Every structure is written in C-alpha cells, then in structure tokens.
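Residue numbers (mature numbering (1 follows the signal peptide of the UniProt record, and there is no 0)): -41 to -1, 1 to 951.
Below you'll find the structure, written out as structure tokens, and then a few comments.
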Amino acid sequence: MHDHRGHCVVSKHAARKAAATSTAAPVAAAAPVAAAPAAVAAPPALATTAAPANQNENVVVTGTLFRDPNLTSATPVTRMSRQELQSRGVKSVTDALQSVSANGAGTLTNAWSAGGGFAAGASAPSLRGLSTDSTLVLMDGQRLAYYPLADDGERNFVDTNWIPMTIMQSVDVQQDGGSATYGADAVAGVINLITRKQIKGWEYTAEGGVAQNGDSGHQRLALTYGHGDLNHDGYNFYINGEYQQDDPYYYRQAGAPFNTGDETSIGGGNGNTNVPDGAGGINNFAATTVPIVRPSDGGNSGTGNFQLLNPAKGCYGSGIGGLVTGSAVANDTGNSQACTQNSQRFAQISPDLRRIDFTGHVTANVTDKSQLTAMFNYGQVRSIVNSSAPNYVRVQSQDRQINTLSTPLPVYLPNGQLNPNNPFAAQGEPAEIYYQFADIIPQTEELSQNFRGSADYSGYVPSNWGSEWDYDVNFVGMKSVLDQTITGVPTIAGIENAINSGSYNFVDPSQNSPSVLASIAPPDHIHATAQEYSLQSTLSKGLFQLPGGTAKLAIGTNFRYESLNDPSANLFASGDPNQYTGLINPVSAFGHRWVESGFFEVDAPIIKMVDVDVQGRYDHYSEGFSHFSPKVGLTLKPLQQLWLRGTFSKGFRVPSFAETGGTTVGYVTYTPPESFQNQHLAPNGQPDTYAQPYLIGERTIGNPNLRPETSTNFTAGPIFQPTKWLSLTADYYYIEKKNYITPNPVAVADVANAWIANNLAYPATGLPISVKPDIPDTSVPGSSLRPAEIDVGYVNANKEVTDGFDMSFTAHTRLPGILHDVMWISHGNASYVNRLNLTLPDGGGVEQFAGTLGPYGAVSASGTPRWKANWSNTFIYKKLSVTPTVYYTSGYRETADDYSGPGTSGTCTSDTVINNTGYSPYKCHVKAFWDVDMTLSYALTPKLSAYLNIYNLLGFRSPYDFGTYGGYLYNPAWSQNGIVQRNFQFGITGTF
C-alpha cells in the first residue's frame, strides 16, 4: 500500500504476518537450533506471545487478547518450542505435557489406562495437582471437545493423544488462572498448542525403536507438503499425515521383581497363586488356567480333594509353575492338586497404542489488511488394553441374585450322554470345577476418532484516533467419537450354558472354537460422543499514549455449545442372567449446554517501569450458572536486568456433565454389624453367609443442584537477566478452590449401619443419599434385609488449597575459549509443592497430601511428589548436536490422609501403610526417581539428518511403590521409563 505522498508503507498487520511466516526446514532435532542466534534478545520467561521470526512462530497469544508479538506479560508462561522438543526427543504432545514440571497429582497417563482406568485410551495433564478438569487445553487459542469418557467417571478433560505433533510450532503452558481470558476449566492453568503458520516443500520423518530387551517396539512416520509463500504469493497451504505405533508392554517382559507376584527377593512374600506353604499345604489357593475338579455336593462347595482334570497334560500354560499338592481348603485331607501361576502373567504396563493424524491447513492474505486461516484435523487413536486376568468359572456377580457358585459339571449332557468334562460322571457324581478361562482373555479396545475444523479471519481497520482497530473472528467445531469394544468377559448365562450343555471343552481348552468362546463372553460395545462448537470475536485498539507506552483496550464475545453422550456398557437389569460377571465400564454421563460470554482486557503502561493489565470475563451457562472472573497483572522493571511480575485472579469451574448427569458404580467390602448377624444364624449358631462380609454397591449419581467451584489465584516473582544470554525466573503460586466438588465423603459402612439401625430407612440428613435393599435371606425367612446398593450424589465440600514455587533457567551462548565453535542451549524448569490440602465439611478436619500418596481416590493413588524438575542441555558443533535431558521426581510417603486416616501424612507406622497385603514388604517411603535421556543428531547433508534417542540412558529402575494401585510395584504417573528401562529410537528426517 502507499501513503498520500507515494511512499511505500508496510502495514502493522503485514509486518506481523512477516514475523510469523519464517519457514526454516526442520532438518534434524538439532539443526533448527543450530541456526539460532548466539544471544537471547529478551527474557524468554516474559514472552507470552509469538517469539521472533527466526523461530517460525504463529502470532497466537497465550494469556492475553492482544495479538502483539512484542508484548510482555505478568502471566508466567513456559514455552516449549518445536526445536526444544525435538532436541529432547519428545515425539508427541502427550509426552511433552507429561514432562512439564507443573504437571502434578492426578495426571492421566497411558500407562495408567493400561491398569484399568475409567478413561482408557486417553491422556491428560493435571497442572498444580488439581486434577485434569482444572487444566484447559487449547489449540491456537481455541477450545477442543472433551474425551467422551470421564476421568474416574467424574472429570471432563481433553485427550492429548490424538493431537498431531509435526504441525506444532510450540507448546505454551500458562501457569496461573486463565478464567478471565478463557472461561471455566482454566483454574489451574492453560495449555495452548500453537500450530505452524506455513510450511513450504516436503518434510518427512521415519523412525523405529525398541527397548533394550527387544520388546516395546515403536514405529513413527510423518510426511508434510506445503506450497506458497504468504509474503510473495499471498497464500500458503500444507497437508500433513502422521502414523505412530507403540507396541504393548507387559509385566512379564519387565524383569524381576515386576514380572512376578513373588516378592521374596525384595523382602516380601510370595503372592502368586497356589504356592507351597512349606508345611504340606497350599497358600493363596485359587483357580488357574489349568482346571481342577472334585466331587460336588450339589451346592456351592464340594467334598474331598481337588485333582487335575487332565493329568496327562499336567500344568500346561500355567505361567510359572508346576504341580503343587497339599491341603488347600478346610475339608482337604492333604492330597489336593493344583498348578502354580504367576499372578503378573496377564498384567499390562502400557497399551497397544496406534495414532493416525491428518491435517489440512491454508492461510491466505485476503487483502493487504486481513488474513484468513482455515484448518481441518482428523485424529484417530486406537488403544488395546488387556484389562485383567481371565475370569473364573465359579463366580458370584456383583448382582448377588445370580451366580455360578452352585453350578457343578453335570453327570449327563442334555443329549443323555455322560459328560466328558466330568471325571466322576461314571460314578454318578456331579463335579465342582475350579478354573480360569485360559482362552478368554479380557480385552478393551478404544477407537477414538476426532474431527475438527476451524477458521480464523483477522485484520485491522485504519483509525483517525489512536492506532488502528485490530479484529479477529474465529470459529471452531469438533466432534469426538469413541467406540469401545470389550471382549473376553463372560456372562452368567454364558458360563452356565458352557457347564450344563458341555459346549466348552474343559479337558482340552485348545479345542474350543471361536463361536463357543463368543457364546460364553459375547463382545460388549458402546458408542460415545462429545461435541464442541465455538464462535468468538475480538476487537482491540491502542487508545492513547501514557508515559510508558500506548494504552490498549480489547473486547470480545464468545458463543459456544458443548455436549456429551456416554452410555454405560452395563446393559442388563438386575437379575438378568445375561449380565456380565464383572463391571464393564460402569460409567455414564449425559448433558449439553450453551455458553454465552463477554470479556475485556486493558493494558496500561503507566511508566516505563510499571505496566498494569486488567482483564475480566462474564460467562452464562444455560444450566443456570453465571460467573464474572477478574484478573489483574502487574509488571515492574526497577532495573534493566530485573523484572518483577505478579497476577491476582478469580476463576471458576462448572460441574462436569458426569457430576450433574452421570452415574458411576463401584463395589466395596462391607461387614454387617453384630446385631444384624444375630438375626441371620445358621444351624451351628454362627452367622450364615447372608450376614458375612460381602460386596455392597456404591453408586455415585449426578447432582443437578451442584454449585460451580470458585477459585482465587495469586502468582508473584522475579525475572533476572544478568546477561543477554542468561535468564532466571522464580514464581510463588497460590490457588484456593471453594465449593470443591467431590463424591459424598460419607463412608459406605456408616450409611449401611445407619440404614440397618433405623429399621431399613436411612435417616434424613439433607444429603443426596438413598439405600436399596438386597434380596431376602432364604436361609432365615422373615429376617431383615441387608443393603444391596447405596446411592450417593456429588456434593460441594469446603475448600482445596495448594501453593508452591516454580523456577526456570534459560541460557543460550557459545562456549568460551577453544570451545567457541560449540553452541550451548540450556532449559531448566522445577516446581515445588508446598501444600495440597483439602478441608472437609462439617468440621471433618484438613487432609494434607503434599509429599504423600494422596489424594488417594482422586488421583488413583499416584501421589503428590513435592519436587518435579527437568534440565536439558544442547551442545551443537558443526553438523553434530548432543542433548542430554535430566528428569527428577522426588519421593513421597506411603500414606494418605484420605485412606490411611486423618493426620497420617507425616507418620510412618505399619497400621497406616496402604495395600499392606502381607505379600508386599513394609515400606514407609518411595524413593525419588531420576531419568536421563539423550538425543544425538547429525546432519548428513543440508537436507537430511539422522538422529538417535536413548531414553533412560543410565538404566535407572523405577522405585518400588507398594501403595499405588495404578501399577504393580511402581507408580506409572512418575517412573514409566524406569520399568521399560533403556529404550532406543533411531530415525531420519529431512526435506526435499
């Protein structure tokens, strides 16, 4: 364009586009870094907008509404550039976020999914340890749809597994409250995934990998083509495809002691099935994949000793063992036979994970004052999890009205023939069988498909007053579709038919056809969906000059629609014999809502040393929630080398769809009180089976009367830059949540006892609690009923508080002296959790979780380590680049106030040790975990490089954790690399 005097003028918008469209090709992990300047021009910790042009950043702002590439902010943001992630060997968005030092308690990992998590197939970060639902994940500042399954059946979150990595320019982590800018879900912070603005030519990557033991295979392919130059052609488009396959990894592949339930080598006991007790008996007597039988008394037990059903085949397929004999049950005479079995034989460490992504992206300069960007993403994630060991023939379902405990192998088949599966048929005796279905392995396949389209139109309009008006209008629509298929779980009817009809060959299970297996364990399938549609517009303008610069104003509106449809996979009503023997995804959640929002931001550089930023947002939800979220940021610069920054904000989190309209079912062991037992006595004067300990259902039901959680967030700290190439930061953070949403904390046993004591009616308390009675005790007609299921709702508890410190270190320079030709680039981050406390309602006290295994239930017993840190150092010499990265997670106590008892967070007594089964040795403390990764890259030609990633270079093993239930003997949230041990990945990358 030209001014009225005929001079050539470059608009501010065009200048911004130029700064955002550098296209240096990503040759190798270190090659883009090698081209970086030798000095850092500004404190990286202050950069919350796009970085300089040579880093190929898109002009997308994190934490502010102003699209200004030179803006600095009081909001602490950790930026991980594409080059940094490549040099560290980080290959996926999930891995990048899991490595963030501020990612704490409640983080959702793929390894936890393999252990049987409710939201299998997905991964998500949990900033500040406030759970996945308090961390907002965006792409280019736009929201993404929720994963159709909820974390722990309660928390909505965005799955990061499907997101393509190759097109990412940077990953920004805003480490304070973001509700004033982005709305709900941003209480703990914001993850903003910024995509590349333009790509020119072909880019490709091909790699493969394997663990040091030859397992845990890995393959990855990526291909990108782009055409056009925004500055010269006025447009650019690119298409990208990615494929990644990570093979499953099992405990049996991990080496001792993780590969067996025998913990004698580490000071524990032998927890494997059917272990000789050294005195002629059998410990841990249980069914194995080799059937054993004995004559049946026609009821729920047999008489005499167990023996192998097929002695000729012996203990085939039994895992670790051989034949063991001895007293196994009360009426044994010491001659029962059984096979030993490794209890870890079927357990899985990480799932079979396949990821396929496709992206189409186009950017066009519509006019010299405006630009249009559109993108379409398709991401598919398929995970396969072996969720448990095979199921038993003899089962009692969670629904106690039906079971197979009293279903013996009959003497005759329906056609009148003697039953070949019953070795006692010739004597006219039915047989009790004890067996795990060797050929029916429970397995869950999650196929998540994600469809996302977005468009952004931005530009400016000249103004005669102040600076020009900048505008931005964008729309995003996304749908996530999840198909979950569960196989290998028998039904009651399927087991009974297999026993009574003789259709299943127990003598030689290898002869069973697929149709026979399917009749016993028919597949179960659910189809769940989640949607997100959002239209947003912003308008900003420089208003007038202040001593420190231009005062700016931004305003905006947002309209969006969210929905979730997640049906339960438990399809059958109580008492239906077609129901499955175990709980199959016993979670459901439904809901939809409209959200209308208005927001503003004012930035006022009072003087050159002082900048004040004020933000505010008002959100109205169609469910009836409304909230205003303010935020104030202050930046001081008393010295050229020193900045001081701080933010204060209010935020909120609306109840999830599961918390208002869902159902989650679980079962806990309950022992009836003595008064109840005395009403249910057997002829021998002892309580009958009806009054013995049993599994009682606990169903958590959505509560539509919940209030949103509200939060107060404060951060403050210095940024010190003694030289142009070195920057250090330190920030204190404090977050307080009120109206904390949690399942009703009342104990199931207390509710059941009160219901029994109150003549089978739960006393009115004002809390959402109800009790359903069980079927009558047929042994004692007319006796009182026991509770079968307790329904509780979510409630607003008191408050949750966390605080701590974040520190970072960045250096970028050439080494001195004879090493002057070596470029050194260093990034370090560390987070310390001082408190993570939950105040219980009604004077219940304060539960303290920092440095312990808690919060036990809310984070799957993954714990709250006080320290997490990482430090990478890249050394570049000519064509060679070497990057070691050190990761550290501190240890923690094996106690949890919400499990081992209030006030136990700092104790270490045997009665507070979690999961002290008698097989695991007593340990008070889990040790810290260190991990060192190494990336080497060499430029073979200007357009082709080869690289080698070595994960867990020093071979550190996962520290033993005997308390978590997310993994066996180790914690999958923090020490995954330590159980896989060394892992090698080799690849080539280049352009043409």
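Ideal placement from N, C-alpha and C gives every residue a C-beta, glycine not left out.
These numbers come from a predicted model, not from an experiment.
Roughly how many angstroms lie between the CA atoms of Arg794 and Arg745, to the nearest whole one? 42 angstroms
Out of Phe943, Tyr141, Asn233, Ala348, which has the shortest C-alpha to C-alpha gap to Glu555? Tyr141
Local Cβ density within 10 Å of Gly621, reported as buried at 16 or more and exposed below that: buried
Tell me which residue opens and which closes the alpha helix (DSSP H) that Ser72 is part of. 69 to 73
Assuming Asn62 and Leu86 form a contact by the criterion Cβ under 8 angstroms, report the distance between their Cβ atoms to the nearest whole angstrom. 6 angstroms
Can you tell me where the alpha helix (DSSP H) holding Gln636 begins and where it ends? 633 to 636
Looking at Ala650 and Ser821, is the spacing between their C-beta atoms short of 7 angstroms? no
Tell me whether Trp424 is buried or exposed, calling it buried when 16 or more other Cβ atoms sit within 10 Å of its Cβ. exposed
Nearest to Phe559 by alpha carbon, out of Ala390, Arg519, Arg211, Ser138? Ser138
So what's Asp709 in DSSP terms, helix, strand or just coil? helix
Local Cβ density within 10 Å of Arg666, reported as buried at 16 or more and exposed below that: exposed
Measuring straight from C-alpha to C-alpha, what distance separates Lys731 and Asp750? 8 angstroms
Inspect the beta-carbon positions of Ile445 and Ile543 and report whether they are closer than 7 angstroms. yes
Given a cut-off of 7 angstroms, decide if Ile399 and Pro349 are closer than it, judged by their beta-carbon atoms. yes
Pick from Asn911, Phe951, Glu405, Thr923 that is closest to Gln944, judged by C-alpha positions: Asn911
Within a Cβ cutoff of 6 angstroms, which residues of the same chain sit near Ala147, ignoring the five residues on either side of it in sequence? Leu86, Arg87, Leu89, Ser93, Thr94
From the DSSP output, in three-state form, read off Phe616 for me. helix
Between Lys886 and Gly850, is the Cβ-Cβ spacing less than 7 angstroms? yes
Measuring alpha carbon to alpha carbon, tell me which of Gly949, Ser670, Ile660 ends up nearest Ser729. Ile660
CA-CA distance, Glu806 and Pro814? 8 angstroms
Cα-Cα separation, Thr516 to Thr497: 7 angstroms
For the stretch 48 to 64 against the stretch 125 to 135, do three or more pairs of beta-carbon atoms, one drawn from each stretch, fall closer than 8 angstroms, so that the two count as touching? yes
In angstroms, rounded to a whole number, what distance separates the CA positions of Pro235 and Gln296? 11 angstroms
Looking at the unbroken beta strand (DSSP E) that takes in Asn517, where does it start and where does it end? 508 to 525
Report the residue from Gly220, Ile784, Glu853, Ser904 whose alpha carbon sits nearest the alpha carbon of His884. Glu853
Backbone CA spacing between Ser478 and Gly220 [nearest angstrom]: 32 angstroms
Tell whether a beta-carbon distance below 7 angstroms holds between Asn269 and Asn294. no
Threshold first: 4 residues or longer. Then list the alpha helix (DSSP H) segments lying entirely within the stretch 746 to 778, N to C. none
Is the CB-CB distance between Gln395 and Tyr351 below 7 angstroms? yes
Have a look at Gly227 and Gly752 and give me their C-alpha separation to the nearest angstrom. 40 angstroms
Helix, strand or coil at Glu404 according to DSSP, with G and I counted as helix: strand
Can you list, in chain order, the residues of its chain whose CB lies under 6 angstroms from that of Trp602, leaving out five sequence neighbours each side? Lys596, Ile678
With DSSP as the reference, label Thr701 as helix, strand or coil. strand
Status (buried if at least 16 other CB within 10 Å, exposed otherwise) for Phe503: exposed
For Ala452, does the three-state DSSP call read helix, strand or coil? helix
Measure the beta-carbon distance from Lys328 to Tyr416 and round it to whole angstroms, keeping in mind my assumption that it falls under 8 angstroms. That pair is no contact at about 12 angstroms.
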